[in-house]
Structure formats: C-alpha cells, structure tokens
Amino acid sequence: MLIYDYHVHTDNSLDCNTPMIVMCERAIGQGIQEIAFTDHFNNHLLDIDLGFYDPKRYFEDVEFCRQRFPQLKILTAVEIGEPHRWQRRIQRALTGYSYDVVLGSLHWVGNENVFNENYFRARSPEQAYRDYFAELVRMIEHGGFDILAHVDLPKRLGHHYYGVFDATAFEPEFCAVWQACLDQGITPEINTKGLRVPSAQLHPTLEALRWYVALGGDSLTFGSDAHHPESIAQDFAAAYDCAAAAGIQYVCRYEGRQIIQRLPLAEATA
Ligand SMILES: [Zn+2]
Ligand SMILES: [Zn+2]
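Okay, so the sequence shown: first residue is 59 according to the numbering used here, each after it adds one.
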C-alpha cells in the first residue's frame, strides 16, 4: 500500500506535543512514502492558540527533517482555520513562505466553535449541521486553499448531543459543498480521525462521498489528522476501501501548491 498522509500535526500546533522528528521516525517505521505536516494557523480572536503559529520555526523543522530523513518525502503544509475570514493575516504567511499544500478548515461558525458544547446546546441537530455547511460553502467559494479538511467536523462533538450523524439527512448541503469544491478546484480529504473518536465515522462517510462522485468528483487526498505518532496513517485501509466503494479514481499529490500527480487509487492500494 502506498501511503500519502496529508494531514499530520507536530508541536508547531499548540494541541500537539510531539516534535516533527518523532513524527518522521514513526512515519518511516510505518512505511509511509510522503507526509504533509499541517500545523494549525488559527486567527479567530477567541482561538486558544492565537499567535502561536510560527512559520519560521516550522520551516526550520522541515528543513532539518528533510536532511535527516531523505527517504521520506516531506511536504510543507498548513491547516488554516477559516481562510475566508482572516485574509490579510494569512496572506502575509502564505506569500512569505513556499508551501506545498494548504488545507482549509472550518472550526468556527461566527463566534461559536464547533468543539464547544454551547454550539450544539443552542441548536437543533438540523440547524447545527446546516449552519456549519452553509458557512463551509462560503469558505470554499472564497477559495485560497487546496484541500478541504474534515468536511463534516461538527459530528465529532455533535455525536454526544444528537447521536449518530446521518449524512442522508443532509444530501443537499453536502452536494452544495462538493459543487463548490469542484468549481474552485479544491480537493476534499478523507479524514480518518473521525474513526478514533466516539462518532466513529470517516469524514466523510461513503454515502456523502458517492454524491461527490455523482457530481463529477474523482480525486481525493487522505489524512489521519494525527496529533500523536501512533495515529499517523491510522485506518488508511478503511479510507481507501471507502473511496474505492464510492467510485473515487485518484489520490492527488501536491507540490508548490499544484497537483503534480493523480495516482490511480488502485495503484495506491495494490
Ligand atoms: Zn481541523
Ligand atoms: Zn488537523
């Protein structure tokens, strides 16, 4: 199996304590070909890690690890929270440093964080997910990033309040998200972290991915969203199976913010 894990954190994120060097050692031990370190760059004034991200330190870490581990291809990457809302601050980082790939993430709907129980307490399940997807479409239409991270993120905590997330109740919302991705040339990821939390589902699930394929989508990236070494590339076999069952054809590989290869999924899983 070829493994390109395009969503991994290091201690350049406040919510991860593992240095990049340890993440690389684990990745090599797991037989991974390529890894994108996607540390958080958050800019909401209420983000607990506001001001923490330091691209200079991050790029020094990557340079060090690239020299130390020539057998592992390391991509420079970043997970930007709400790229549609903090354009000026983000542009400064993105123009000053050469990233291979940029993830766009939505963690906030207005001034409410979807990891905070208040978001769910104040809403019906329908409203909680619909509000999120509506904001997500606005984020995608604004563009400026390459990969859409964890499309149905609120189910991680929503699960505690509403029970199992049923994507079929939100088909029009998913289709609006996928269409916006296709229009903008933004590639969705399958994020396996959803399997490691009580919601116990991939982001997205098979049915939601089928709507993406029905709209013409054929490519994805795969990310573990690892914040610990043991989570790197976890559940990739399940993610590949899900992608294949949905009719996905290709795994996208990036460099310099361009897709450099669409690897047939069958080759990655062989
Ligand atoms: Zn995230
Ligand atoms: Zn992440």
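Think of the CB as a built atom: it goes at the ideal place given N, C-alpha and C, for glycine as much as any other residue.
Note that the structure is a prediction, hence the values are computed from the model and not measured.
Check                                                                                                    : Outcome
Integer Cβ distance of residue 305 from residue 255, believed to fall under 8 Å                          : No, residue 305 and residue 255 are not in contact; Cβ-Cβ is about 27 Å, not under 8 Å.
beta-carbon residue 163 near ligand 2 non-hydrogen atom, thresh 8 Å                                      : yes
Whole-Å CB distance - residue 242 paired with residue 199, under 8 Å assumed                             : 7 Å
Whole-angstrom distance between residue 78 and residue 87, CA atom to CA atom                            : 14 Å
Any non-hydrogen atom of ligand 2 within 8 Å of residue 304 CB                                           : no
Segment contact flag, the stretch 145-163 with the stretch 172-179, C-beta cutoff 8 Å, min 3 pairs       : no
Whole-angstrom distance between residue 182 and residue 117, CA atom to CA atom                          : 43 Å
Neighbourhood of residue 71 by C-beta, 6 Å cutoff - its chain only, sequence neighbours within 5 removed : 97 and 98
Backbone secondary structure at residue 316 - three-state DSSP                                           : strand
First and last residue of the uninterrupted beta strand (DSSP E) at residue 139                          : 131-139
Coarse secondary structure for residue 96, derived from DSSP in three states                             : strand
DSSP-derived helix/strand/coil call for residue 60                                                       : coil
Residue 158 CB to nearest heavy atom of ligand 2 below 8 Å                                               : no
Contacting residues, own chain, Cβ-Cβ under 7 Å from residue 237 (five flanking each side not counted)   : 273
Distance cut-off 8 Å: residue 170 Cβ against heavy atoms of ligand 1                                     : no
Coarse secondary structure for residue 218, derived from DSSP in three states                            : helix
Run of the beta strand (DSSP E) containing residue 160, from where it starts to where it stops           : 159-163
Residue 207 CB to nearest heavy atom of ligand 2 below 8 Å                                               : yes
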